[in-house]
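Let me begin by presenting the structure, written as structure tokens, before commenting on it.
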Amino acid sequence: MRKFILWSMLACLLIAGGVSYFASSSPDGLERVAHDKGFAGKASETAKLPAPMPDYSVPGVRNRFLSGALAGIAGTVAVFGLSVAVGWALRSRKRMRETG
Amino acid sequence: MHIPDGFLSTEVWAPLDVVAAGALGVCIKVSQKHLDERNVPLMGVMGAFIFAAQMLNFPVLAGTSGHFVGSILAASLLGPFTASIVMSAVLIVQCLLLQDGGLTALGANIVNMALIATLLASPLYAGIQRLVPGDKGRFVGLFVAAWASIVLSSAACAIELAASGTVPLKAALPAMVGVHALIGVFEGTITVVVVRFVAAVRPDILSLQKV
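Protein chains in written order, with our numbering: chain A, 1 to 100; chain B, 1 to 211.
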């Protein structure tokens, strides 16, 4: 299992860090509908909460590829960490219930 | 399909935030009862893969792109309740770290892509498998459920936008469902391809306990 996890994570990091650079920049389905039906402007200009890497780029990193790659990698690692943390917490509580 | 802040009215996003939190609580309770420790690293990998795959927008129509969402992929490997948790983790990181999806709209996005897409579409997968036996049933079921997950979430999104007074339903619903019915074909295809790959290299993952 460990090998599968490691190889999969490597693939994910390559996808998020590299392949994503070549992704389409056309608006997605919702954005397209928003533009066509005239409500795209309703999107808030100011974020309710300032995010460290808005729009999948690292502020201050001038190279677009690198900026996107760093954001993608950071996000991938963050989601992995959060998912494992939640899973681990749930397992711990289950174990506690079973022995307690 | 990530809704930004400003598209939904307070009367719509606030209750959805509550619904999302409550439903996630239920998913956590159910997951906790049956979660096997072998599921935990798979949860991590699933989340990572879905996050990465969601970055890969592909053109579907002139001037329009789609992207993989992954709720049925997650549900087929982890079970619907655990999948809801992982999908929510993806949406939370996207919102807080990358400003993809609004903060007030996080509940709506979770309801659409992490709850409706997993919990409503999964029974389709199970039902088709019961009707069509063997591998054929599995892959037809995956395709149809994945397609439905996209269409259902886009319909929910359209309803939320209409309820917010942002756009009339008769404008939003056919437009959203129309483009997402097409995107759903890609979702279904990618889901089947990935599951087939996992079945080929690590079939034991498919027989892990699913919650």
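For glycine and all other residues, C-beta sits at the position ideal for the given N, C-alpha and C.
Rounded Cβ spacing between residue i and residue j (contact assumed at less than 8 Å)
| i | j | result |
| --- | --- | --- |
| B/ILE212 | B/GLY70 | Outside the shown range of chain B, which is 1 to 211, sits residue 212 of chain B, and nothing can be said about it. |
| B/PRO4 | A/ALA43 | 4 Å |
| A/LEU90 | B/GLN32 | 4 Å |
| B/LEU24 | B/SER84 | 7 Å |
| B/SER154 | B/HIS180 | 4 Å |
| B/VAL167 | A/PHE39 | 5 Å |
| A/ALA16 | B/MET55 | 6 Å |
| A/TYR56 | A/GLY68 | 6 Å |
| B/SER149 | B/ALA121 | 4 Å |
| B/ALA114 | B/SER88 | 4 Å |
| A/LYS37 | B/ALA172 | 7 Å |
Assigned exposure category for residue i - 16 Cβ within 10 Å defines buried
| i | result |
| --- | --- |
| B/LEU98 | buried |
| B/TRP13 | buried |
| B/THR104 | buried |
| B/ASN57 | buried |
| B/GLN220 | In the structure displayed, chain B extends from 1 to 211; residue 220 of chain B sits before or after that span and is not available. |
| A/GLY72 | buried |
| A/MET96 | exposed |
| B/GLU37 | exposed |
| B/PRO41 | buried |
| A/ASN63 | exposed |
| B/ALA126 | exposed |
| B/LEU169 | exposed |
| B/VAL26 | exposed |
| A/PHE80 | buried |
Neighbour list for residue i in chain B, Cβ cutoff strictly below 7 Å
| i | result |
| --- | --- |
| A/MET9 | VAL45 and ALA48 |
| A/GLY18 | Within 7 Å Cβ-Cβ: nothing; A/GLY18 doesn't reach chain B, min ~10 Å. |
Beta-carbon gap between residue i and residue j smaller than 9 Å
| i | j | result |
| --- | --- | --- |
| B/CYS95 | B/ASN112 | no |
| A/SER20 | B/PRO59 | no |
| B/ILE128 | B/GLY137 | yes |
| B/LEU106 | B/ALA20 | yes |
| A/ARG32 | B/GLY184 | no |
| B/GLY102 | B/LEU16 | no |
| B/MET43 | B/LEU73 | no |
| B/HIS34 | A/ASP28 | no |
| B/ALA146 | B/ILE190 | yes |
| B/VAL192 | B/LEU119 | no |
| B/ILE205 | B/VAL194 | no |
| A/VAL86 | B/ILE159 | no |
| A/MET1 | A/THR76 | no |
| B/PHE81 | B/VAL30 | yes |
| A/ALA78 | B/VAL93 | yes |
| A/PHE4 | B/VAL90 | no |
| B/VAL132 | B/VAL140 | yes |
Partner residues on chain A for residue i, Cβ-Cβ distance less than 7 Å
| i | result |
| --- | --- |
| B/ASN39 | GLY87 |
| B/VAL90 | VAL79 |
| B/ARG202 | PHE4 |
| B/SER71 | Ordered by position in chain A, no residue passes the 7 Å Cβ test against B/SER71, which lies about 14 Å from the chain. |
| B/VAL86 | SER83 |
| B/ALA172 | VAL33 and LYS37 |
| B/ILE28 | LEU90 |
Within chain A, partners of residue i - CB distance below 8 Å
| i | result |
| --- | --- |
| B/PHE81 | Here the premise fails: no neighbours, minimum Cβ distance about 10 Å. |
| B/SER31 | LEU90 |
| B/PHE197 | Within chain A, no residue comes near B/PHE197; the closest Cβ sits about 11 Å away, beyond 8 Å. |
Residue-chain proximity (residue i, chain E), Cβ-Cβ < 9 Å
| i | result |
| --- | --- |
| B/GLN209 | The structure shown contains no chain E; its protein chains are A and B. |
beta-carbon residue i near the ligand ADP non-hydrogen atom, thresh 8 Å
| i | result |
| --- | --- |
| B/LEU91 | The model on display carries no ligand, and the ligand ADP is accordingly not part of it. |
**Proximal residues, the stretch 44 to 78 of chain A versus chain B, C-beta separation under 8 Å** = Going along the stretch 44 to 78 of chain A in chain order, one finds SER44, ALA47, LYS48, LEU49, ALA51, PRO52, MET53, PRO54, ASP55, TYR56, ALA71, GLY72, ALA74, GLY75, THR76, VAL77 and ALA78 with a Cβ nearer than 8 Å to chain B.
**Request:** Output, in sequence order along the chain, the residues in the stretch 53 to 67 of chain B whose CB is closer than 7 Å to any CB in chain A.
**Result:** Answer set for the stretch 53 to 67 of chain B: ALA53, MET55, LEU56, ASN57, PHE58, PRO59, GLY63, THR64, SER65, GLY66 and HIS67.
**Message:** Beta carbons nearer than 7 Å to chain A: which residues of the stretch 176 to 189 of chain B have them?
**Reply:** Hits within the stretch, in order: MET176, VAL179, HIS180 and ILE183.
**Request:** For the stretch 5 to 21 of chain B, enumerate the residues whose C-beta is nearer than 7 Å to any C-beta of chain A, in chain order.
**Result:** Of all residues in the stretch 5 to 21 of chain B, ASP5, GLY6 and PHE7 have a Cβ within less than 7 Å of some Cβ in chain A.
**the stretch 87 to 99 of chain A: positions lying closer than 7 Å to chain B by Cβ** = The stretch 87 to 99 of chain A vs chain B, Cβ under 7 Å: GLY87, TRP88, LEU90, ARG91, ARG93 and LYS94.
**Request:** Quick one: which residues of the stretch 152 to 166 of chain B get their C-beta closer than 7 Å to a C-beta of chain A? List them in chain order.
**Result:** Correct list: SER154, CYS157 and THR166.
**Request:** Could you list the residues in the stretch 94 to 121 of chain B with a C-beta less than 9 Å from some C-beta on chain A, going in chain order?
**Result:** Of all residues in the stretch 94 to 121 of chain B, GLN94, CYS95, LEU96, LEU97, LEU98, GLN99, ASP100, GLY102, LEU103 and THR104 have a Cβ within less than 9 Å of some Cβ in chain A.
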